[in-house]
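Peer 1: Protein chains in written order, with this note's numbering: chain A, 1 to 414; chain B, 1001 to 1082.
(1) Are the C-beta of residue 242 of chain A and some C-beta of chain B separated by less than 8 Å?
(2) What separation, rounded to the nearest whole angstrom, lies between the Cα atoms of residue 236 of chain A and residue 190 of chain A?
(3) By alpha-carbon positions, which one of B:1064, B:1016, B:1059, B:1049 ends up nearest to residue 1075 of chain B?
(4) Check each candidate in B:1073, B:1069, B:1005 and name the one with the smallest Cα separation from residue 1041 of chain B.
(5) Quick one: list the residues of chain A neighbouring residue 1012 of chain B, beta-carbon separation under 8 Å, in chain order.
(6) Measuring alpha carbon to alpha carbon, tell me which residue in A:369, A:248, A:218 is nearest residue 344 of chain A.
(7) Note down the Cα distance separating residue 188 of chain A from residue 182 of chain A, rounded to an integer number of angstroms.
(8) Which residues in chain A sit within 7 Å of residue 1020 of chain B, going by Cβ to Cβ distance?
(9) How would you list, in chain order, the residues of chain A whose beta-carbon sits under 7 Å from the beta-carbon of residue 1050 of chain B?
(10) Within the continuous beta strand (DSSP E) that includes residue 1057 of chain B, where are the two ends?
(11) May I ask you to report which of helix, strand or coil DSSP gives residue 63 of chain A?
(12) For residue 369 of chain A, which of helix, strand or coil comes out of DSSP?
(13) Once you ignore the five residues that flank residue 390 of chain A on each side, which residues in its own chain have a CB closer than 8 Å to its CB?
(14) Let's test the definition: count the other Cβ atoms within 10 Å of the Cβ of residue 210 of chain A and tell me whether it reaches 16, buried, or not, exposed.
(15) What residue from A:378, A:111, A:154, A:358 has the CA that sits closest to residue 174 of chain A's CA?
(16) For residue 28 of chain A, collect the residues of the same chain with a Cβ closer than 7 Å to its Cβ; drop the 5 residues on either side in sequence, then sort them by chain order.
(17) At what residues does the alpha helix (DSSP H) containing residue 226 of chain A begin and finish?
(18) Run the CB neighbour count on residue 85 of chain A, radius 10 Å, all protein chains shown included, and call it buried at 16 or more, exposed below.
(19) Is DSSP giving residue 190 of chain A helix, strand or coil here?
(20) Look at the alpha carbon of residue 1064 of chain B and the alpha carbon of residue 1035 of chain B, and state the distance between them as a whole number of angstroms.
Now the structure itself:
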């Protein structure tokens, strides 16, 4: 089998670019899409290049961004608009291949090996896609061209915006290997630290490292990263639509007042879980991992997650798991400022799995029916028309209608 | 600053083979204009007006103009003077 031709296309500052297209008067000025500027707790989802020059980054709070850049304009996110543009970009990609694997709503891998005879080599197809996205959607993309997914992704990050970078077999030693190892997919903060301890700073150094040492230091992941660094990644680009575009569904909130007791936390966790579970049901998903995030009043934050026994979108199960995670991981010292609940590792709700002998199937079915009934009542009579008893213990805290107020929640939130 | 994007009322025809072809449009205060011919249809972005959609290149009163059909099902045109 010959080499594959894999492209990775990345829409530059996607949300900000779509907004700038629709706001000609703001072009060339610093903007950031994020939060609700009226509220105190918005964060920057995406900044445009002008704002980035001032140091504005994704994940910053709006006031931090304002401190770096006085003239910045904040725009509230319009997720439906971005998803429309994401879909239009996918339609363009579809003209070149059916092997398209989206990674979030602004990135996609494309295996165009089979189009080579018709459309030309990878670089040529990339050029055509880049110019079509620009003229048809009015936004720019960066595309990496390589023979595997990992190097293609590194290529799309290599030069931005509106650029094409090839990472062919005769080039990767000069381009990929010089990059810091943190650029590699799956090298996060903690892996980076471990690698640094072993004296590995660049991808090249990782590629040339002794595999036994890597395995000793990082376990199986060490070997995976080593093969990524050497371009031994033969994972296929998945065929369209076989895999959820959304990777997780979560809600988080900065509470109206700091949380002091277990009960306070329980109320907020249930409110958030109701929203997460309802959104899972609405999108026909179940989750296999429950995750919580906690931030105390000194802004120290952490997340914890756990795989659950069977995939679920039952409110009660998600809330119970989230609360259990909280109890196991938080020792009350400081009051809590903000909480988040998330369902990850999504599968479609028609997912089949082994029934657990120790789980009551009837009970789960009842709970599913109850959730459906609650969804239905809320749809017809409004969110507050039906509430859990727990919510009446503290009306101030339970006033979170997370589902309607916090629907926007991109993958790279935390 | 005034927007360069103007949404307009359009009368269009669905053909038997499923195509959508604008026939005339109404510009507020200016009256209704008949589209004599559509010379090109393609997806395009309008940087000037700020938007993207299907762009119809139309001949109106002998002059060429662009009519955009956004995927929110609304039609817009670019305004010449800003």
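Positions of the beta carbon are idealized from the N, C-alpha and C atoms, including for glycine.
Peer 2: A quick look at the data gives this:
(1) Locating residue 242 of chain A in the first chain gives position 242, counting from the first residue. Because residue 242 of chain A carries a pLDDT of 48, less than 50, the predicted location of this residue cannot be relied on, and the following value inherits that uncertainty. So no, residue 242 of chain A is outside the interface.
(2) Numbered from its first residue, the first chain carries residue 236 of chain A at position 236. Numbered from its first residue, the first chain carries residue 190 of chain A at position 190. In a straight line, the C-alpha of residue 236 of chain A is about 27 Å away from that of residue 190 of chain A.
(3) The sequence position of residue 1075 of chain B within the second chain is 75, counting from 1. Nearest option by C-alpha distance: B:1049.
(4) Here residue 1041 of chain B corresponds to residue number 41 of the second chain, with the count starting at 1. Considering only alpha carbons, the answer is B:1069.
(5) As a working note, residue 1012 of chain B is residue 12 in the second chain. None at all; the shortest Cβ gap to chain A is about 21 Å.
(6) Taking the first residue of the first chain as position 1, residue 344 of chain A is located at position 344. Among A:369, A:248, A:218, the Cα nearest to that of residue 344 of chain A belongs to A:248.
(7) As a position in the first chain, residue 188 of chain A is number 188, starting the count at 1. As a position in the first chain, residue 182 of chain A is number 182, starting the count at 1. About 7 Å.
(8) Locating residue 1020 of chain B in the second chain gives position 20, where the first residue counts as 1. Correct list: empty, because the minimum Cβ distance to chain A is about 17 Å.
(9) Along the second chain, read from residue 1 onward, the residue named residue 1050 of chain B stands at position 50. Neighbours of residue 1050 of chain B on chain A, chain order: 21, 22, 23, 24.
(10) Your numbering for residue 1057 of chain B matches position 57 in the second chain. Where residue 1057 of chain B is concerned, the enclosing beta strand (DSSP E) stretches over 1051-1060.
(11) On the first chain, residue 63 of chain A is found 63 positions in, with the first residue counted as 1. Helix at residue 63 of chain A.
(12) Here residue 369 of chain A corresponds to residue number 369 of the first chain, with the count starting at 1. Note: residue 369 of chain A maps to helix in three-state DSSP.
(13) Position 390 of the first chain, counted from the start, is the residue given in the question as residue 390 of chain A. If we look at residue 390 of chain A and ignore the five residues flanking it on each side, its Cβ neighbours are 266, 267, 270, 398.
(14) The residue given as residue 210 of chain A occupies position 210 in the first chain. When all chains shown are included, residue 210 of chain A counts as exposed.
(15) Start at 1 with the first residue of the first chain, and residue 174 of chain A comes out as number 174. Taking residue 174 of chain A as reference, the option from A:378, A:111, A:154, A:358 with the minimal CA-CA separation is A:154.
(16) Translated into positions along the first chain, residue 28 of chain A becomes position 28. Annotation for residue 28 of chain A: 50 place their beta carbon closer than 7 Å to its own, counting only its chain and skipping 5 residues before and after.
(17) For the purposes of this step, residue 226 of chain A is taken as the residue at position 226 of the first chain. Counting along the chain, the alpha helix (DSSP H) containing residue 226 of chain A begins and ends at 220-229.
(18) In the first chain, the residue the question calls residue 85 of chain A occupies position 85. That one is buried.
(19) To locate residue 190 of chain A, count along the first chain from 1; it is residue 190. The DSSP-derived three-state label of residue 190 of chain A is helix.
(20) On the second chain, residue 1064 of chain B is found 64 positions in, with the first residue counted as 1. On the second chain, residue 1035 of chain B is found 35 positions in, with the first residue counted as 1. In a straight line, the C-alpha of residue 1064 of chain B is about 10 Å away from that of residue 1035 of chain B.
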